[in-house]
Amino acid sequence: MLSSKRILLIIGGGIAAYKSLDLIRRLRERGAAVTPVLTRAAEEFVTPLSVSALAGEKAYRDLFDLTDEAEMGHIQLSRSADLLVVAPATADLMGKMAGGLANDLASTLLMATDTPVLCAPAMNVRMWEHPANRRNHAQLKADGVRFVGPNEGDMACGEYGPGRMSEPLEIVAAIEAQLGTGPLSGKRILVTSGPTHEPIDPVRYIANRSSGAQGTAVARALAALGAEVVFVTGPAQVPPPDGVTVVQVETAQQMSDAVDAALPVDAGVFAAAVADWRMATASDRKLKKSRDGLPALDFAENPDILKRVAHLETNRPALVVGFAAETDNVIEHATAKRARKGCDWIVANDVSPATGIMGGSENAVVLIAEDGAEEWPRMGKDDVAKRLAARIADALGQ
Ligand code: CTP
């Protein structure tokens, strides 16, 4: 809930401005007060009248409106809010913010405040990926501005890619997380992700093909609901999400140690593809070709992190969630794995080649819990993560 919170909502001039009308409704449903500010360009997409009618407050528009200045100066306007939200954050607005420009009401408010700022970018995919915008985005993140989205998908301009503004409820979740009012606020959650690398010698290692995409999406979704996330990741292909504590490891043993160091937590989600074996003794010198034939590699078993944490006598998280990759008899195998590991839930992926899930952007998941198996429809990995995060919030809230 957002009762007694005041959001200053800056609406930029982009087609996604229509979603800001719904965002205002959703915020007010949750008890927030919304002070809307429109840029000149925003007025081409939504009218001040509809914005102020939904917000139940005056829509501010012009820096040099003297009546407004007398009623409430722009400095006062931005400082009376708990959070400034820029939605849609256009390329132009992000550029102004990154460069420190203040030539209209919206940019002046953003310069004149020390209140936290959350941006929901929306722009054409080429603009999002343009080096200038990438620089601005990185600069704003370094300045402490938080971001929600953009999402990937079909765009109003007919192109496809990242640049769509997040949906109103996603922005609400990010606002709640930022204000510490999300359903997972106050909860500390551990997520393991990515592959592990097990050294053979200083230059060679054993690895697997995990990209870390699903674990990263889960960590992002949990943080979006307000959780304090400790993200223990092996060498993944995708970058870690913003707003989480990242602990980078290489081997299964290092991951196991990092997990121990992160305890106690309210929940642990074990999405990493941990190597089952390592070299019994990794050579500290590079193995050379020898006339005596092939080198013999002696394997030792790695610690099963999930199983160990699920069986802890003290500090066992209230909810322990494992992942399983299965190719056949998914429910049967994953149910047996849940019992073997001693975890509360298993998220089983059907990775048989026919599904095209391995390496793809979608996932077909069965959630196995004590009371049985629940098959989820096939959906994007981000959506799987959001749904799982919502279930975790329900479970920890009980
Ligand atoms: N896991 C772990 N530590 C290990 C191995 C696995 O924490 N050393 C966790 C993974 O993060 C995942 C689950 O255990 O949550 C996967 O279990 P695993 O036994 O590796 O199953 P699969 O990878 O599905 O392989 P298999 O079916 O061969 O058992």
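If you want this note's numbering, it's the 1-based position in the sequence shown plus 1210. Beta carbons: idealized from backbone N, C-alpha and C, even for Gly. The model shown is predicted, which means the values in this text are computed figures rather than measured ones.
Problem set entry | Helix, strand or coil at residue 1338 according to DSSP, with G and I counted as helix | Here residue 1338 corresponds to residue number 128 of the sequence shown, with the count starting at 1. Look at residue 1338 here: in three-state DSSP terms it is helix.
For this session: Count the other C-beta atoms from every protein chain shown that fall within 10 angstroms of the C-beta of residue 1266, then say buried if there are 16 or more, exposed otherwise.
Result: Walking along the sequence shown from the start, residue 1266 turns up at place 56. Of the residues assessed, residue 1266 falls on the exposed side of the cut-off, its CB having fewer than 16 other CB atoms within 10 angstroms.
For this session: Go through its chain and collect everything with a Cβ distance to residue 1480's Cβ below 6 Å, but skip five positions before and after it.
Result: Numbered from its first residue, the sequence shown carries residue 1480 at position 270. Residues of the same chain with a CB within less than 6 Å of the CB of residue 1480, apart from the 5 flanking positions on each side, are 1402, 1516, 1532 in chain order.
Exercise. So, is residue 1592 buried or exposed, given that buried needs 16 or more other C-beta atoms within 10 angstroms?
Worked result: As a first step, residue 1592 is located in the sequence shown; it is residue number 382 there, counting from the start. Residue environment: residue 1592 is assigned as buried (16 or more neighbouring CB atoms within 10 Å of its CB, all protein chains considered).
Exercise. Which residues does DSSP pair with residue 1505 in a beta bridge?
Worked result: Looking up residue 1505 in the sequence shown gives position 295. Per DSSP, none; premise fails for residue 1505.
For this session: State buried or exposed for residue 1259, treating a residue as buried only when at least 16 other CB atoms are found within 10 Å of its CB.
Result: Reading the sequence shown from its first residue, position 49 is the one you call residue 1259. Residue 1259 is exposed by the Cβ-count criterion.
Problem set entry | Rounded distance between the beta-carbons of residue 1330 and residue 1375, thought under 8 Å | For the purposes of this step, residue 1375 is taken as residue 165 along the sequence shown, with counting starting at 1. For the purposes of this step, residue 1330 is taken as residue 120 along the sequence shown, with counting starting at 1. Contact flag correct, Cβ pair sits at about 5 Å.
For this session: Output yes or no for whether 9 Å exceeds the beta carbon distance between residue 1460 and residue 1450.
Result: Stepping through the sequence shown from its first residue, residue 1460 is reached at position 250. Stepping through the sequence shown from its first residue, residue 1450 is reached at position 240. No.
Problem set entry | Closest Cα partner of residue 1422 within the set 1447, 1348, 1411, 1256 | As a first step, residue 1422 must be located in the sequence shown, where it is residue number 212. Nearest neighbour of residue 1422 by Cα position, chosen from 1447, 1348, 1411, 1256, turns out to be 1447.
Exercise. Who are the near neighbours of residue 1241 in its chain, counting only those whose CB is closer than 6 Å to its CB and skipping five residues on each side?
Worked result: In the sequence shown, the residue the question calls residue 1241 occupies position 31. Same-chain partners within the cutoff: 1211, 1212, 1213.
Problem set entry | Three or more C-beta pairs below 8 Å linking the region 1488–1500 and the region 1519–1527 | The region 1488–1500 and the region 1519–1527 do not touch, with fewer than 3 CB-CB distances between them shorter than 8 Å.
Exercise. Anyone know if the C-beta pair for residue 1436 and residue 1380 falls short of 9 Å?
Worked result: Here residue 1436 refers to the residue found at position 226 when the sequence shown is read from its first residue. Here residue 1380 refers to the residue found at position 170 when the sequence shown is read from its first residue. Cβ atoms of residue 1436 and residue 1380: not closer than 9 Å.
For this session: Scan the region 1528–1559 and note each continuous beta strand (DSSP E) run of 3 residues or more that stays entirely inside, going in chain order.
Result: Within the region 1528–1559, the runs of beta strand (DSSP E) that reach at least 3 residues and sit entirely inside it are, in chain order, 1529–1536.
Problem set entry | For residue 1465, the three-state DSSP class (helix, strand or coil) | Here residue 1465 refers to the residue found at position 255 of the sequence shown. If DSSP states are grouped into helix, strand and coil, residue 1465 belongs with the helices.
Problem set entry | For residue 1405 and residue 1415, the rounded distance between their alpha carbons | In the sequence shown, residue 1415 corresponds to position 205, counting from 1. In the sequence shown, residue 1405 corresponds to position 195, counting from 1. Residue 1415 and residue 1405 have their C-alpha atoms some 12 Å from each other.
Exercise. Is the distance from the Cβ of residue 1546 to the Cβ of residue 1483 below 9 Å?
Worked result: The sequence position of residue 1546 within the sequence shown is 336, counting from 1. The sequence position of residue 1483 within the sequence shown is 273, counting from 1. No, these two residues do not count as a Cβ contact at 9 Å.
For this session: Check the C-beta distance from residue 1292 over to residue 1389 and give it rounded, since I have them as a contact under 8 Å.
Result: Here residue 1292 refers to the residue found at position 82 of the sequence shown. Here residue 1389 refers to the residue found at position 179 of the sequence shown. At roughly 6 Å, the Cβ-Cβ gap stays under 8 Å, so residue 1292 and residue 1389 are in contact.
Exercise. What residue does the beta strand (DSSP E) around residue 1489 start on, and which one ends it?
Worked result: Here residue 1489 refers to the residue found at position 279 when the sequence shown is read from its first residue. It spans 1487–1489 - the beta strand (DSSP E) in which residue 1489 sits, taken as one unbroken run.
For this session: Under 7 Å Cβ to Cβ from residue 1323, same chain only, skipping five residues before and after it: list those, please.
Result: Numbered from its first residue, the sequence shown carries residue 1323 at position 113. Excluding sequence neighbours, residue 1323 sits near 1288, 1289, 1294.
Exercise. Just how far apart, CA to CA, sit residue 1383 and residue 1333?
Worked result: On the sequence shown, position 173 is the one that residue 1383 refers to. On the sequence shown, position 123 is the one that residue 1333 refers to. If I take the Cα positions, the gap works out to 21 Å.
Exercise. Can you name, in chain order, every residue of its own chain whose Cβ lies under 6 Å from the Cβ of residue 1370, other than the five neighbours on each side?
Worked result: For the purposes of this step, residue 1370 is taken as the residue at position 160 of the sequence shown. Closer than 6 Å at Cβ, skipping near neighbours: 1364.
Problem set entry | Three-state secondary structure assigned by DSSP to residue 1217 | The residue you call residue 1217 lines up with position 7 of the sequence shown. When DSSP states are grouped into helix, strand and coil, residue 1217 belongs to the strand group.
Exercise. In this structure, does DSSP put residue 1589 in helix, strand or coil?
Worked result: For this step, residue 1589 is matched to residue 379 along the sequence shown. Note: residue 1589 maps to strand in three-state DSSP.
Exercise. Along the chain, where does the alpha helix (DSSP H) that runs through residue 1228 open and close?
Worked result: Sequence index remark: in the sequence shown, residue 1228 carries index 18 (1-based). Residue 1228: member of the alpha helix (DSSP H) spanning 1227–1239, first to last residue.
For this session: Pull up the distance between the alpha-carbon of residue 1566 and that of residue 1551, whole angstroms please.
Result: For the purposes of this step, residue 1566 is identified with residue 356 of the sequence shown, where counting begins at 1. For the purposes of this step, residue 1551 is identified with residue 341 of the sequence shown, where counting begins at 1. Near 27 Å, if we compare the C-alpha coordinates of residue 1551 and residue 1566.
Exercise. Over what stretch of residues does the alpha helix (DSSP H) that includes residue 1430 continue unbroken?
Worked result: Stepping through the sequence shown from its first residue, residue 1430 is reached at position 220. Following the DSSP letters along the chain, one finds residue 1430 inside the alpha helix (DSSP H) bounded by residues 1423–1434.
Exercise. Which residues have their C-beta within less than 5 Å of a heavy atom of ligand 1, listed in chain order?
Worked result: What you get when you keep residues with a C-beta closer than 5 Å to any heavy atom of ligand 1 is 1480, 1482, 1484, 1512, 1514, 1515, 1516, 1532, 1533, 1534, 1535.
For this session: Look at the Cβ atom of residue 1431, then the Cβ atom of residue 1595, and state whether they are nearer than 9 Å.
Result: By one-based count along the sequence shown, residue 1431 stands at place 221. By one-based count along the sequence shown, residue 1595 stands at place 385. In this structure, residue 1431 sits near residue 1595, with a CB-CB distance shorter than 9 Å.
For this session: Pull up the CB-CB distance for residue 1557 and residue 1606, whole angstroms please, since I reckon it's below 8 Å.
Result: Within the sequence shown, numbered from 1, the residue matching residue 1557 stands at position 347. Within the sequence shown, numbered from 1, the residue matching residue 1606 stands at position 396. The distance from the Cβ of residue 1557 to that of residue 1606 is about 16 Å, inconsistent with a contact at the 8 Å cut-off.
Exercise. Would you call residue 1313 buried or exposed, if buried means 16 or more other Cβ atoms sit within 10 Å of its Cβ?
Worked result: As a position in the sequence shown, residue 1313 is number 103, starting the count at 1. The residue in question, residue 1313, is exposed, as its Cβ has fewer than 16 Cβ neighbours within 10 Å.
For this session: Would you identify the three-state DSSP class for residue 1440, choosing helix, strand or coil?
Result: As a position in the sequence shown, residue 1440 is number 230, starting the count at 1. In the three-state reduction of the DSSP assignment, residue 1440 falls in the strand class.
For this session: Run the CB neighbour count on residue 1608, radius 10 Å, all protein chains shown included, and call it buried at 16 or more, exposed below.
Result: Along the sequence shown, one-based indexing puts residue 1608 at 398. That one is exposed.
Exercise. So who's on the other strand from residue 1577, going by DSSP bridges?
Worked result: Residue numbering aside, residue 1577 sits at position 367 when the sequence shown is read from its first letter. Bridge partners of residue 1577: 1557, 1584.
For this session: Counting only the same chain and skipping the five closest in sequence on each side, list residues whose C-beta sits under 6 Å from that of residue 1243.
Result: As a working mapping, residue 1243 is identified with position 33 in the sequence shown. Excluding sequence neighbours, residue 1243 sits near 1216.
Exercise. Can you tell me where the beta strand (DSSP E) with residue 1408 in it begins and where it stops?
Worked result: To locate residue 1408, count along the sequence shown from 1; it is residue 198. Its beta strand (DSSP E) spans residues 1408–1411.
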